[in-house]
Each structure stands twice: as structure tokens, then as C-alpha cells.
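Inspection log for the structure reproduced underneath, given as C-alpha cells.
Number of protein chains: 2
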Amino acid sequence: MSPKIIQPTLVLNKTICLQNIKTMIKKAKRNKTSIRPHFKTHQSQKIGDWFRQLGIDKIAVSSLKMAVYFAEDGWKDITVAIPVNVLEIDRINSLAASIQLNLVVESLDVVEILDAKLQHRVNCFIKLDTGYGRTGIPSDNHPQISQLIDSIQRANKLKFLGFLAHEGHSYSARTQSELSRIHKDHIQKINAVARQFVNQCPTLIQSVGSTPICGGLENFEGADEVRPGNFVFFDLMQQRIGACDYSEIAVALACPIIAVHEDRNLVIIHGGGVHFSKDFLTLSDGTVCYGQVAETLKDGWGKPVPNAIVRKISQEHGIIVGPADFVKKCRVGQLLYILPVHSCMTANLMKSYHTTDEQIISMMP
Amino acid sequence: MSPKIIQPTLVLNKTICLQNIKTMIKKAKRNKTSIRPHFKTHQSQKIGDWFRQLGIDKIAVSSLKMAVYFAEDGWKDITVAIPVNVLEIDRINSLAASIQLNLVVESLDVVEILDAKLQHRVNCFIKLDTGYGRTGIPSDNHPQISQLIDSIQRANKLKFLGFLAHEGHSYSARTQSELSRIHKDHIQKINAVARQFVNQCPTLIQSVGSTPICGGLENFEGADEVRPGNFVFFDLMQQRIGACDYSEIAVALACPIIAVHEDRNLVIIHGGGVHFSKDFLTLSDGTVCYGQVAETLKDGWGKPVPNAIVRKISQEHGIIVGPADFVKKCRVGQLLYILPVHSCMTANLMKSYHTTDEQIISMMP
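In C-alpha cells form, the structure reads like this:
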């Protein structure tokens with residue numbers, strides 16, 4: 079494949095990706111929870127098809143634009159897992175005319191606006207905050223939750239579906255026991271809310287889930303539905319959290335070497351912030367990492383090259399510091415495969431995939 | 079304008095932008111240096127036209143792909159200001175057939191490959207490292223520079239043009255005197271190299287320049303050519319360096335408010351890492367900033383709202399912490415204008431501009 083790649087290119091190993099999807103579906107089943115994969119990571123109708131072929135029929139997305147893109151490809155049950163942007167009411171009405179659209183609300187103001195402007199029936203989740211602190215009603219604020227449920231149930235075209243929460247603080251975990259503690263605390267808080275309101279809404283759903291939890295823990299029982307997304311590709315961040323092994327990372331950025339400085343153990347690649355994103359990891363020794371070099375194989379990449387790390391990036395350059403024996407073998411015009419720190423952000427920038435079996439897969443424009 | 083914006087949108091104030099371009103052209107003239115603006119920031123043929131109408135006829139870009147995009151719009155003198163990616167030799171040959179293409183080299187290996195494969199005459203700069211440490215030949219390594227000039231002069235289709243350097247370390251400056259010190263040191267080093275080789279190549283050019291230096295200093299004499307790019311829009315980073323005032327920032331991201339948490343002084347916007355990028359500033363109190371709220375005016379934005387800062391971002395969410403009186407006035411469905419930390423990265427993600435006088439300007443696809 080390599081001879082055809084001449085510029086920074088996001089390479090996808092379909093075998094690993096399919097395995098990641100299958101593993102997560104099985105894991106959800108074993109945990110007696112339904113799975114609604116988050117498609118914000120891959121943003122691709124084609125990759126969405128792989129999920130569909132494995133039995134998935136409901137998804138989460140992170141914007142209404144993305145909901146439209148997947149609805150156009152036949153997805154009929156879509157949760158937009160971000161508080162409603164009421165300025166997009168026309169998109170909401172047009173989507174709700176043809177699919178089961180599930181929105182996320184967390185204020186009376188939004189329910190009021192939706193009630194006034196919705197033309198079709200829409201389901202809605204109440205967003206709870208169990209400690210991440212981004213958004214949502216604090217899960218212990220039962221009066222506020224109760225008031226919001228009432229307003230949803232009074233609204234003409236809204237159906238209350240249940241509670242949705244995102245344990246984003248799981249991203250700071252670095253051990254299984256931390257992940258487990260965060261998950262248990264999260265689930266207990268949501269379960270407590272559910273118990274409080276189950277009489278009022280017997281069919282309510284508890285929707286949770288992040289890749290650190292669903293990837294890193296064998297046991298994540300306790301919710302009705304999980305919404306992991308990143309697991310489709312994984313990345314260095316997830317490896318560091320303990321949610322995957324290096325061998326489960328399904329994407330790498332193939333970058334041409336444009337300079338080698340043996341005297342300083344530097345390899346410069348064409349591949350920078352407009353390809354990787356500026357997301358970085360802080361390694362255990364306090365240094366930062368924007369990507370990790372993996373061995374170049376005939377048909378893709380292999381194991382990580384120890385200590386060959388993208389240390390700095392600017393708009394189009396990446397600066398790799400590596401061990402002398404690695405740098406010595408690097409030549410301008412070769413490709414290096416770099417495991418990304420955050421595959422969601424990298425995929426969003428690259429806008430298409432080049433699979434290891436030489437297909438081009440497009441993404442949402 | 080606001081009623082038409084319903085999702086995160088990059089808004090451009092054309093008046094400020096034109097003023098920035100005019101100011102820099104005048105400043106370069108005053109400093110008796112020629113200007114080759116770097117187009118990697120705006121990546122737009124339309125905005126390129128504004129430069130052309132003000133007399134600019136040569137540009138710098140950061141990739142061959144970008145060179146192709148601007149060459150298609152009639153630009154005839156383009157420097158690709160990143161070491162040559164030899165895998166793109168076909169693009170180089172096709173460009174060099176129709177424009178004056180200036181490449182950047184820093185190794186004998188690359189000169190050898192170009193010599194073997196070039197079909198048309200190409201100019202080339204030698205990349206010098208004056209202290210930034212990204213790439214280039216250390217400016218005090220005269221034997222290596224001499225060897226490289228010889229190999230370029232022996233090559234059939236290469237013409238040695240001079241020395242190119244980027245004072246990227248100017249981005250860490252926070253005062254005029256730091257900027258001035260970095261610039262003087264940089265210029266002295268390049269001038270020393272030029273003096274050494276001017277007999278061998280009497281027409282050699284010294285090309286330098288970054289927005290911190292050209293924006294922040296009144297006096298940046300000493301080089302033949304400057305290549306600033308970011309000044310077309312500026313941003314919070316440049317304001318912090320001292321290269322511009324808030325009032326010179328020509329772009330802001332208009333983001334819908336999707337949640338308000340008065341109890342925690344938080345405003346949540348639709349606008350995250352896929353819109354702003356993950357570039358951040360560390361403020362003087364040690365906290366981080368991904369963007370700064372500006373006042374909403376009828377036809378765009380005004381002054382910064384003191385202490386209303388985007389403190390955290392995830393893929394699609396931005397979390398603004400602001401003073402109570404600001405948060406109290408925020409309502410879901412309103413737009414907030416956010417000044418970006420790094421306009422190059424934000425523009426690259428947004429892929430088009432919405433001007434304050436309601437034009438849509440496209441960018442390189």
C-alpha cells in the first residue's frame with residue numbers, strides 16, 4: 079500500500095476495527111445492557127454499515143448535522159447526545175418527521191421552546207451531571223429533575239425517555255480500580271435518580287457510557303444502555319487509560335519523513351496540528367506526546383517503536399524524538415506510521431480513511 | 079447577521095482583515111523589506127485576491143497541496159515553506175511547469191533526489207535553524223551549508239535562491255524586549271551566514287519572518303523578505319505575545335448557547351475541539367484559555383467581555399466560565415462570539431468564513 083501514499087494519510091485497519099466493534103457488542107450483551115454506539119468518532123456512513131451488519135440499529139451522534147448525515151443513510155433511531163441547540167429547530171422538525179429522534183434537555187427554557195415549535199413527536203432524555211461538571215442537572219437535585227420531567231410530560235410533542243449522563247471524568251483515570259470507582263459512583267447516582275422517578279415514568283431508560291469505562295472494565299452492569307464511541311478505533315489516550323492494548327488501535331497516520339537530524343535524534347515528518355489535532359498526552363515522566371511511532375509493515379503498521387514519540391507539532395510539521403538506532407534508519411521519503419493520541423479529533427481533521435486493503439472510505443463532508 | 083447563524087460559524091470582519099493586510103504591507107515597506115505573506119492561515123483564494131489587489135504578487139504556503147490550490151487561482155511565485163516531501167515529486171513537476179516554485183531543502187539526500195527527478199527548473203532555499211530547533215541546518219554549521227550550496231549549484235534544474243528561517247521561538251515571547259532580542263539574534267545569525275556565502279552567490283535572499291516579530295515590532299529590518307501569515311486575522315495568542323490588540327482580531331467563532339448554569343457561573347456552547355482546535359493559552363494566573371468571549375454587536379462583535387473565558391472544550395462542547403453578571407444575561411439560543419486562541423487552526427477546521435457583511439467565503443477543500 080505504502081507506495082501510493084504521498085502525503086499525510088489516515089490509514090485504517092478494517093480487521094482490527096471490526097474486531098473492536100464485535101468485542102464491544104459481545105461485552106454489552108454479557109453486561110445485559112443495550113448498546114447505542116456513538117458515531118462521532120468515525121463520522122462515516124460506510125463504517126456505520128459495518129455496525130449495521132453486526133446488528134446495531136440505534137446510534138448516538140454529537141450534532142444535528144451528524145444526525146442528518148446518518149439519517150440520510152437509513153438510520154432510524156438517533157440520539158443527539160448534546161443539549162439541544164434550539165437555533166436548529168428546522169433541522170429537528172425535518173429529522174423528526176422521518177426518524178425516531180432522541181434529544182437531550184436540561185432546562186425548562188429549552189422544553190418551553192421545543193413545546194412551542196416542534197411539529198413532530200420527539201423523545202427526550204434529561205441530562206444528568208454525576209460529577210464530570212460539564213453540563214446537566216446535578217444528579218442529587220431531585221426537585222429540579224422533577225420539575226423538568228413534569229414540563230416534558232406536559233409538552234405536546236415531547237416524550238420523556240429517561241436519563242442520560244456522560245462519565246467524562248473517566249478520561250483522567252489511569253488504573254482499573256480508578257475506572258471501577260468512577261463507574262460505580264456514576265451508576266449509583268443515576269440508579270438513585272431512576273429509583274426516585276420510576277413510579278412516575280415506569281419505562282425510563284438510564285443511558286451512560288464512555289469508552290474508558292466500556293473498554294477498560296469487564297463489568298459495567300447497572301445501566302440500560304451504553305454509548306461508547308472511541309472504541310471503534312481506540313488510540314494512545316485509551317491505551318494509557320487502560321481501555322485497550324496497542325494492538326487494538328485501528329488507525330494510524332502515515333506521514334512522509336521530510337528531514338532527519340541524526341545529531342539531535344530528530345525525525346521531522348509532514349504531519350502536524352492540521353492532521354493529528356493538538357491533543358496531547360502527558361506521559362508518566364512528565365513529557366508530552368502527540369503520537370507514537372509504530373513499526374512499518376508491508377501492509378500497515380505493527381508494534382510501537384519504544385520511545386519514538388511525536389514531541390512537538392506545528393501546523394504541518396511533526397517533530398519526532400527517537401532512539402539513535404531508530405533515527406539512523408530513517409530516510410527522507412519514507413513513511414512513518416504514527417498512532418494518534420485522540421482518534422476522534424484526528425479522523426475529524428483527515429476527512430477520509432485509506433484502509434490497509436486499499437479502499438478509500440469517505441466521511442461526513 | 080446573527081439570525082442566519084444557527085451552528086458554530088467562523089465570522090470574518092473584512093474591514094479589520096483588510097486593515098491588517100494594509101498595515102503589514104506598509105510596515106514591510108518602511109522596514110525596506112519585501113513581503114511574501116504566508117497563506118496557510120486563511121487558505122482562501124478569495125482572501126488571496128484581497129492581497130493581490132493590494133499589490134502582493136508572491137506568497138508562501140505550507141504544503142504542496144496548498145501551492146496547487148493557489149496556483150490554480152493564478153499565483154505565479156510560490157514558496158512552499160516546509161522541507162520538500164520527495165514523495166510529491168509529481169506535484170512538484172506539474173507545478174514547476176507553470177509557476178516559479180520555490181522549495182526548501184536542508185539535506186544532500188533531498189537535493190540528490192530532486193536532481194534525479196525534476197523535469198523543470200525549481201528555485202530552492204536552504205533552511206537554517208537559528209535556535210527554534212524544529213528543522214534546518216544549524217546556522218553556525220558553515221561546512222554543511224557550503225556543501226549543500228555546492229550540491230544545489232551542481233544540480234541541473236535547481237537554482238540556489240538563498241536562506242530561509244523561521245523564528246518560531248518568538249511565539250514564547252511575552253514582551254517587546256523579548257521579541258526584539260529574539261529578532262536581533264535571529265537576524266544576526268542569518269546575516270552572518272549570508273556574509274559568508276555572498277561572494278559565492280551574490281544574489282542570495284534572506285527570508286525570515288513570523289507574525290510575532292512582524293506584528294509586534296515596529297523595526298524588523300535586516301532581512302530581504304518577511305513571510306508572516308497569521309497577521310491576516312491575528313488571534314488571542316498574538317494579542318498575548320503583544321503582536322496585536324484585541325481590536326485587530328478579524329475572526330470570531332459564533333457559537334449557540336446550549337445551556338446556562340447560573341449556580342456554577344457556567345455557559346455551555348455548541349463549539350468544541352472540532353471548531354476551535356485544542357490549542358490553548360496559559361494565562362498569567364496559570365489557568366488555561368481556549369477562547370475569550372467578545373461582546374455581541376448588531377453586525378458582529380466588539381470588546382472582550384472581561385473574564386469570560388472558554389475554560390474547557392470537548393469534541394463539540396465549550397465550557398465558558400464567566401462573571402455572574404455576564405452569565406445571568408446568557409440564554410439558550412443566543413449566539414456568543416468567541417475570539418480564537420489560534421486562528422490558523424480554527425480556520426483550518428471551519429473550512430469557510432461568514433463575513434460580517436453576509437458573504438460566504440470558501441477555503442481550500
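Those protein sequences? They're chains A and B, same order as listed. Following the numbering used here, the numbering of the first sequence begins with 79 at its first residue and continues without gaps. Following the numbering used here, the numbering of the second sequence begins with 79 at its first residue and continues without gaps. Here a beta-carbon is modelled for each residue, glycine too, at the ideal position from N, C-alpha and C.
- Between K237 of chain A and R199 of chain A, the C-beta gap is smaller than 8 Å, which places the two residues in contact.
- Where T433 of chain A is concerned, the enclosing beta strand (DSSP E) starts and stops at S430 to T433.
- When Cβ-Cβ separations below 8 Å define contact, M423 of chain A makes contact with chain B.
- Exclusion of the five residues before and after K235 of chain B leaves L196, H198, R199 and V200 as the residues of its chain whose Cβ lies within less than 7 Å of its Cβ.
- The beta-carbon of R305 of chain A is placed no less than 8 Å from the nearest beta-carbon of chain B.
- Burial state of S255 of chain B is exposed, judged by a 10 Å Cβ sphere holding fewer than 16 other Cβ atoms.
- For a cut-off of 8 Å, the C-beta gap from I319 of chain A to A386 of chain A is around 21 Å, too long to register as a contact.
- The beta carbon of N98 of chain B is closer than 7 Å to those of F309, V310, F312, E326 and A328 in its chain, skipping five residues each way along the sequence.
- In this structure C333 of chain A touches L414 of chain A by the C-beta definition: roughly 5 Å separates them, less than 8 Å.
- The beta carbon of P161 of chain A sits closer than 8 Å to some beta carbon of chain B.
- Minimum Cα-Cα distance from D155 of chain B among the listed residues B:A145, B:V162, B:I336 and B:T119 corresponds to B:A145.
- The three-state reading of DSSP puts Q254 of chain B in helix, counting H, G and I together.
- The CB of A337 of chain B comes closer than 7 Å to the CB of P161, E184, S185 and T213 in chain A, given here in chain order.
- In this structure, the alpha-carbon of N219 of chain A lies about 13 Å from that of H339 of chain B.
- Using a Cβ-Cβ distance cut-off of 8 Å, the region 172 to 180 of chain A and the region 345 to 355 of chain A are not in contact, since fewer than three pairs of beta carbons, one from each stretch, lie closer than that value.
- By the neighbour-count criterion, in which a residue is buried when 16 or more other Cβ atoms sit within 10 angstroms of its Cβ, D341 of chain A is exposed.
- Closer than 8 Å to the CB of I170 of chain A there is not a single CB belonging to chain B.
- In this structure, T208 of chain B sits near A243 of chain B, with a CB-CB distance shorter than 8 Å.
- Contacts with chain A (Cβ-Cβ distance below 8 Å) from the region 175 to 204 of chain B involve E184, S185, D187, V188 and I191, listed in chain order.
- Collapsing the DSSP output to three states places H116 of chain A in a strand.
- With 16 or more other Cβ atoms inside 10 Å of its own Cβ, T111 of chain A counts as buried.
- Within the region 127 to 178 of chain A, the beta strand (DSSP E) runs of at least 3 residues that lie entirely inside it are, in chain order, 137 to 139 and 155 to 161.
- Here P382 of chain A has Y324, Q370 and A372 as same chain residues with Cβ atoms under 6 Å from its own Cβ, once five neighbours each way along the sequence are excluded.
- Counting along the chain, the unbroken alpha helix (DSSP H) around R108 of chain B starts and ends at K92 to R108.
- The residue from A:L427, A:E394, A:K205 and A:K100 with its alpha-carbon nearest to that of I230 of chain A is A:K205.
- 8 Å or more divides the Cβ of P115 of chain A from the Cβ of P418 of chain A.
- I397 of chain A reaches chain B at R212, counting residues in chain order whose Cβ is nearer than 7 Å.
- Interface residue (Cβ-Cβ distance to chain B less than 8 Å): I156 of chain A is not classified as such.
- Residues of chain B whose Cβ lies closer than 9 Å to the Cβ of N426 of chain A are, in chain order, G351, V352, Q393 and L427.
- Listed by position along chain A, the residues whose Cβ is nearer than 8 Å to that of L314 of chain B form an empty set, because the closest Cβ is around 15 Å away.
- Nearest to E394 of chain A by C-alpha distance, out of A:Q317, A:G350 and A:Q278, is A:G350.
- DSSP places P382 of chain A in the uninterrupted beta strand (DSSP E) bounded by G378 to I391.
- When CB distances to chain A are screened at a threshold of 9 Å, the residues of the region 348 to 380 of chain B falling below it are H348, G350, G351, V352, S355, K356, D357 and F358, in chain order.
- Contact between T424 of chain B and K92 of chain B fails: their C-beta atoms lie close to 17 Å from each other, not under 8 Å.
- With at least 16 other beta carbons inside 10 angstroms of its own, K267 of chain A counts as buried.
- The alpha helix (DSSP H) runs of length 4 or more contained entirely in the region 175 to 253 of chain A are, from start to end of the chain, 186 to 195 and 220 to 232.
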